[in-house]
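**Q**
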Amino acid sequence: MKIIITFCLITGLVSSTNVISYSGGSVIMTMGDRHRWSSHTPKYICKFAGGACKTVIQSTAQNDTVFEGRFSLYESKQGHFGVLIRELNPQDAGKYRFGLANNWNREINLKVHHDACCGMSMTVVGHLNKDVSISCDYTVEHKRTWKYFYKLKGHSADWVIFTMPGKNHKENQFYITDDNRLNLFTMTIRELKEEDGGVYFCGTQTWEYPIKVFSTIKTVHLHVTDKVQSSVRVTGFLGGRIMMKCRHPLENPKARFLCRELEGECPEKTYTNVQNEWQQNGGFSLYDDTSGKSLMVFFRNLTEGTYRCGVDVSDFTEQYREVNVEVKEDPCCGKIISQAGYIGETLTISCEHPPTLRASLKHFCKEDENLICQDIRAAGKYSLSDHSQPGLFTVTISNLTLSDAGVYWCGVETSEGHISYTSLTTRVQISIITSKVIGHEGDAVEIRCPYDSKYKQNSKHVCKDECFTEHSDSLIAQRTTQNKTERFSVHDDITAGVFSVNISRVKAVDAGRYWCGVETGDVLMNYLSTELQVVRKEVLQVFGRETLSVSIECSYRGESPESDGKFLCMGQQLASCDKGGVKVSSEKNRTGRFSLSNDAPAGVFTVTITDLREEDSGTYWCGEESLGSSIYTEVHLHVSNGPAPSVIITVCVCVALLLIGGATLIFFKLKHKRTQGSSSSNRTDITNSDRVSPAACDYEEVNHSGQYPDSDTSVYMNTSPSTNSSDKNKAVCIYSTVQLPKDEGPAYATVSFQKNPDSPSNLLVSTVAFIKEESATEYATVKHRPRLE
């Protein structure tokens, strides 16, 4: 009989209780006074599947809490046996058994419902020493149930306060009300303390005997925040940056964060995941400075608003300082300036700032590959000094090297309490100028861009002239990929650390300044500048004579001729134009014996040299500078101390023609005599032989341009006889209008002789043509009327 009674008691104990819960929520179950917690007895919980109960938790540990994942067995504040299952999902539904081994156990049939009303999670932020309220709404079926607030404590849950349906209740600083007209119950915590932060469950009691079952409606994360200082105003300028340091003296905080307030709250915090290392997040970057016990913030994209920089003291308590960021527009600020210097030289930079901040500490920093402006404190390398003009200070960088190229910022620093910030006002792009590259028209040329090894994997960039505008013409290579267009090819040799651009069939339009750059983040940094100078294929040959003048005509291609620079320099090498070799320029169009004039419609400027001297002979360069590009034409000037070339040619032609004319005249004279001898009836004896009087040559003005092109040179000479009748005994040669056209052709010499009209017979006209094989061509026309004595 005793055995039967025991069996009945056991079977009665293991009857199942239905438990209603919600997906996403939690369920809490506690036993009555008859089933108290025992620290010395093994605990367990298992789930039935296929006729067997599969263990979920089993422990012999002598402690107050046993847990595995989302399942916990614990001792409540009242010493009762408690069960907590968190973050429920539909797969958790089923039959469970839990209890103390060899002592007692209970079975429940857990049902997990999905309802929009329940199972949600929310965050509430309360301010230290202020009141905070947490409200939970419920459905109609819960109107007549008791309302509870539990608080999560590690892996257990303790009730905080409860109330009967439609009633109010107070427990210490906690106060709960149930408004069953609005289906809403609210818990208010008076004078919030740091320890009040944590996870709360609000819900209703769904079953009472033999197990008290509490189903959550919401899970509430209560954060306690403390504003430790009055608000600080931080001022930035449109187009600039802000570097801010926010100090918190708290030792070893859990984490540091920054957030932007919306409607008085901070809905989203940005935490520093690493220490002593910059971490980028959108328009700003954070740095957890453990040595300085501060949070550093670098704002790249300035946005007005109220920010909190703070620390998490624990998971649910925080301290912060409030910062109001304002962005102003000032003529001094937001500028981008570009400066370039030569390696080994000194570069001076003028930085503007608002005149009202004259007493502030001046700042100069350099952007790194993460776009963070880092302090630069190399001894003897940089120096800052206030300018006498308000709102201006100067920075000097000495002994420039390739590593000095990059992006810098000028700024002013301000401190207020535990907040200090630097407002960066002016962006400075510094490039290093390398040796000029000379390209010859029609040939190929290479532009080389060495770079730092840390940029090996960055995209490289080369652009021409206007590289700081959206219209810049650029060629880009990704790592070792070689790109090529019709005449341009680019290549990145990451082994040698050199990025190069090759230009084939160089043209005059290729002249200009080329910029080498690397892409860092979303910013392009131009670090190296090289000027490509183009020498035209044409070479001018110019001849002159001592004491006379000579003119050198130089063509140019500039689109705005009146404003472009034009000059003539002397030197065997093109580099002489940079070392004082300029003889005359459009800026100073008269220098001693040199003068420059410009014919803009014709696209030609002319340099005239007076009082030529032998030392003026040599190589000259016609130069044009247009929009930063330099194009040159090589000129060879030959100055002689003898007669002009045109005079020599005239004399030679004159002598040659006279010899030919004399020979021809003798020939016809002899023939004429034989003819008269054969006809006796009509013969007339001529006792005196025809004699040609010596030729006297008068020279008129000979115009000589003094310039010969590279191609074949032609000389034209027109000669007409004298009409002076008084000169009867002389053959007169008159030379006029000697021209040197550029057309290439053969050489012709035409000699015409006519007998004196008084002579009894007419002489035939003889024409002699000479074709030269030389490159020069000469034309001479001589009309000669000899007179027989």
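Going by mature numbering (1 follows the signal peptide of the UniProt record, and there is no 0), the letters in the sequence shown line up with residues -16 to -1, 1 to 773, in that order. Where is the CB? At the ideal position from N, CA and C, for every residue including glycine. Computed from a predicted model, the values in this text were never measured in an experiment.
1) By the 10 Å Cβ neighbour count, where 16 or more other Cβ atoms means buried, how is Met15 classified, buried or exposed?
2) Quick one, are the C-beta atoms of Gln517 and Tyr616 less than 8 angstroms apart?
3) Could you give the first and the last residue of the continuous beta strand (DSSP E) run that contains Asn89?
4) Using 8 angstroms as the threshold, is the C-beta distance between Cys357 and Met227 below it?
5) Ordered along the chain, which non-local residues of its own chain (more than five positions away) have a Cβ less than 6 angstroms from that of Leu345?
6) Would you mind listing the beta strand (DSSP E) stretches within the region 275 to 299 that are 3+ residues and don't spill past its ends, in chain order?
7) DSSP state of Ser23, grouped into three classes?
8) How long is the line joining the alpha carbons of Ile4 and Thr200, rounded to whole angstroms?
9) Apply the 10 Å Cβ neighbour rule to Asn2 and answer buried if 16 or more other Cβ atoms are within range, or exposed otherwise.
10) DSSP on Gln75, reduced to helix/strand/coil?
11) Can you round the beta-carbon distance between Leu279 and Gly220 to whole angstroms, since I take them to be within the 8 angstroms contact cut?
12) By DSSP's criteria, Glu571 is part of a beta bridge. Which residues make up the other side?
13) Which residues in the same chain as Glu530 place their Cβ atom closer than 8 angstroms to its Cβ, once the five residues preceding and following it in sequence are excluded?
14) Report the three-state DSSP secondary structure of Tyr392 (helix, strand or coil).
15) Helix, strand or coil for Tyr326 per DSSP?
16) Rounding to the nearest angstrom, what Cα-Cα distance links Gly576 and Val568 in this structure?
17) How do the region 474 to 486 and the region 428 to 437 stand: do at least 3 beta-carbon pairs fall below 8 angstroms, yes or no?
18) Name, in chain order, the residues that DSSP records as bridge partners for Gln303.
19) Where does the unbroken beta strand (DSSP E) through Glu608 begin, and where does it stop?
20) How close, in whole Å, do the beta carbons of Tyr6 and Asp142 come, if the pair is a contact with beta carbons under 8 angstroms?
21) Tell me which residues share the same chain as Lys420 and place their Cβ nearer than 6 angstroms to its Cβ, disregarding the 5 neighbours each side in the sequence.
22) Can you list, in chain order, the residues of its chain whose CB lies under 8 angstroms from that of Ser298, leaving out five sequence neighbours each side?
23) Assuming Thr536 and Val591 form a contact by the criterion Cβ under 8 angstroms, report the distance between their Cβ atoms to the nearest whole angstrom.
24) Tell me which residues share the same chain as Phe158 and place their Cβ nearer than 7 angstroms to its Cβ, disregarding the 5 neighbours each side in the sequence.
25) Since Tyr498 contacts Lys448 with CB under 8 angstroms, what's their CB separation in whole angstroms?
26) Could you say if the region 182 to 189 and the region 235 to 252 meet the contact criterion of at least three C-beta pairs nearer than 8 angstroms?
27) Below 8 angstroms on the Cβ atoms is my guess for Ile29 versus Leu57; work out the distance and round it to an integer in Å.
28) Can you tell me whether DSSP reads His126 as helix, strand or coil?
29) Within the continuous beta strand (DSSP E) that includes Ile414, where are the two ends?
30) Cβ of Gly78 within 8 angstroms of Cβ of Leu94?
31) If you run the structure through DSSP and keep just helix, strand and coil, what is Ile650?
32) Cα separation between Ser(-1) and Tyr193?
33) Among Ser60, Gly401, Ala495 and Pro315, whose alpha-carbon lies nearest the alpha-carbon of Lys216?
34) Do Asn308 and Val212 have their beta-carbon atoms positioned less than 8 angstroms apart in this structure?
35) Helix, strand or coil: which one does DSSP assign to Ile321?
36) Is there contact here, the region 327 to 341 with the region 369 to 378, by at least three beta-carbon pairs under 8 angstroms?
**A** Working from what's here:
1) buried
2) yes
3) Trp88 to His97
4) yes
5) Glu397
6) 278 to 283 and 289 to 296
7) coil
8) 10 angstroms
9) exposed
10) helix
11) That pair is no contact at about 18 angstroms.
12) Glu571 pairs with nothing; no bridge assigned.
13) Leu596, Arg597, Glu598, Val623, Ser624 and Asn625
14) strand
15) strand
16) 9 angstroms
17) yes
18) Asp210 and Val295
19) Gly602 to Ser610
20) Not a contact, Cβ separation roughly 21 angstroms.
21) Glu515 and Gln517
22) Glu178, Gly181 and Lys238
23) Looking at the sequence itself, residue 536 is Ile, so the reference to Thr does not match. At roughly 5 angstroms, the Cβ-Cβ gap stays under 8 angstroms, so Ile536 and Val591 are in contact.
24) Val144, Ile145, Met171 and Ile173
25) 5 angstroms
26) no
27) 6 angstroms
28) helix
29) Ile403 to Ile417
30) yes
31) helix
32) 11 angstroms
33) Inspection of the sequence shows that residue 216 is occupied by Val rather than by Lys. Of Ser60, Gly401, Ala495 and Pro315, the residue nearest in Cα terms is Gly401.
34) no
35) strand
36) yes
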